[in-house]
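**Q** Once you know that position 129 of the sequence shown is 111 in this note's numbering, the rest is easy, because the numbers rise by one and skip nothing. Built from N, CA and C at the ideal position, the CB exists for glycine as well. The structure under discussion is supplied below as structure tokens; questions concerning it will follow.
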Amino acid sequence: MDKKTVSLIIPCYNEENNIRFACQEISQVCSKLHHKYEFEALFVDDGSTDNTVLEITQLKKKHPNIELIEFSKNFGKEIATTAGIHNCQGDCCVIIDADMQYPIEKLPEFLDKWEQGNEVVVGIRDKKRQIIL
């Protein structure tokens, strides 16, 4: 059986201090799911003025499944997300904030809901900062 590919779309704007941590967190969760899925991480830099692109470029050398789309100026998170969706190669896509404000540990639950036939799975944070699917 062929593995399905999950595209992780990570819009970034001035996230140089978060990129390595985000990559580490994402890698840990994806490694637990690698028996079932292939992953691509598509970082979309939204015209950062810091070293975000440099950090991602360095990570690409270690992680061949990382891709980078680089904007020449800031267009906003929605445009960056849309660019990621249009350029991803996966069977599904998951949008993740680069600052990891939403727990990536919920990824298996999102994928389970998708595998159950849901075309769109959305998580919202309740008042206790817990994610509800």
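Relative to the alpha-carbon of Ser(-11), which residue among Phe57, Thr64, Glu(-3) has its alpha-carbon at the smallest distance?
**A** Comparing Cα-Cα distances from Ser(-11) to each of Phe57, Thr64, Glu(-3), the minimum goes to Thr64.
**Q** Would you check if the distance between the CB atom of Leu161 and the CB atom of Ile(-9) is smaller than 9 Å?
**A** The question about residue 161 has no answer here: the residues shown for the chain are numbered -17 through 115.
**Q** Which two residues bound the contiguous alpha helix (DSSP H) that contains Cys12?
**A** Element bounds for Cys12: 1 to 15.
**Q** Can you find the residues in the same chain that come closer than 6 Å, C-beta to C-beta, to Trp96, ignoring five residues on each side of it along the sequence?
**A** Contacts found: Cys74, Val103.
**Q** According to DSSP, simplified to helix, strand and coil, what is Pro90?
**A** Helix at Pro90.
**Q** May I ask which residues mark the beginning and end of the alpha helix (DSSP H) holding Lys43?
**A** Lys43 -> alpha helix (DSSP H) spans 34 to 44.
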